[in-house]
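S.K.: Residue numbers (our numbering): 13 to 292.
1. In terms of residue numbering, what span does the alpha helix (DSSP H) encompassing residue 57 cover?
2. What ranges does the beta strand (DSSP E) occupy inside the segment 204 to 274, keeping only unbroken runs of at least 3 residues that lie completely in it?
3. Just to confirm, are residue 130 and residue 75 a CB contact at a threshold of 8 Å?
4. Would you call residue 138 buried or exposed, if buried means 16 or more other Cβ atoms sit within 10 Å of its Cβ?
5. For residue 38, does the three-state DSSP call read helix, strand or coil?
6. Among 70, 116, 105, whose alpha-carbon lies nearest the alpha-carbon of residue 90?
7. Hey, out of 115, 213, 178, whose CA is closest to residue 237's CA?
8. Pull up the DSSP beta-bridge partners for residue 153, would you.
9. Have a look at 208, 35, 252 and flag the residue whose alpha-carbon is nearest the alpha-carbon of residue 272.
10. Is residue 65 helix, strand or coil by DSSP?
11. For residue 160, which of helix, strand or coil comes out of DSSP?
12. When you compare each of 143, 164, 160, 14 to residue 288 by their alpha carbons, which one comes out closest?
13. For residue 193, name the three-state secondary structure that DSSP assigns.
14. On a Cα-Cα basis, can you pick out the residue from 225, 231, 205 that is closest to residue 265?
Structure (structure tokens):
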């Protein structure tokens with residue numbers, strides 16, 4: 013099977029590629045550092061013939077400015093439409109689009125922004141293109157992805173700030189009296205699930221979230237244990253509460269591909285501690 017990974021320099025792609033290389037001929041595509049130069053923001057996109065599956069992991073994450081919002085819509089929505097068209101034109105047999113569970117957020121959620129909006133529209137585009145171009149499409153919607161090493165810090169800065177404090181034996185301060193929930197899924201779990209979805213050529217849209225939401229204090233406790241730290245967790249009750257952003261787990265995708273998330277937050281923290289040479 014020939015698989016084209018778009019956005020191949022992403023952390024998820026870099027974890028997925030080694031899993032595929034044993035059974036697939038993998039081609040990489042992206043704006044730089046890849047076998048094929050491909051930018052979803054470009055007016056015209058082409059992919060080579062003979063590709064069995066196109067996997068889209070490219071994304072613009074938005075920001076606070078209007079230009080950031082426009083870029084998110086241009087890359088995540090219009091870029092996907094161009095990629096679907098190019099894939100169908102090249103005779104690809106399957107397309108896997110990695111979206112985000114944030115697309116399911118209510119519009120009035122404090123966590124709903126340009127990124128979530130663009131991902132919501134990208135899923136509509138994927139379903140539209142699947143019908144119009146007769147292209148089998150799978151949409152996978154992971155929650156917040158984390159993993160081992162610095163490359164994950166950019167998108168999960170608070171999580172890695174907790175890890176840093178635990179490593180340095182510093183107290184971990186949490187704002188407010190609420191112990192907010194989050195849903196993190198380890199990159200290795202997501203990569204295994206995406207690999208299985210490619211192999212089985214599944215179609216449809218599916219959530220891909222960790223079966224267990226975790227609270228900030230649980231994350232901190234996992235980090236403290238992993239680093240054998242003397243850090244303490246303190247709630248600063250004079251500060252504003254931080255709202256929760258957990259997600260209910262739908263196991264449909266996991267059962268369909270017979271692949272479930274298996275790395276707990278405690279295990280993830282232990283892996284990070286081992287990476288930093290600080291095993292408890």
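The C-beta atom is built at its ideal place from N, Cα and C for all residues, glycine as well.
M.R.: Per the coordinate set shown:
1. No alpha helix (DSSP H) contains residue 57, which DSSP labels as neither H nor E.
2. 216 to 220, 245 to 248
3. no
4. buried
5. strand
6. 70
7. 178
8. 219
9. 208
10. strand
11. coil
12. 160
13. strand
14. 205
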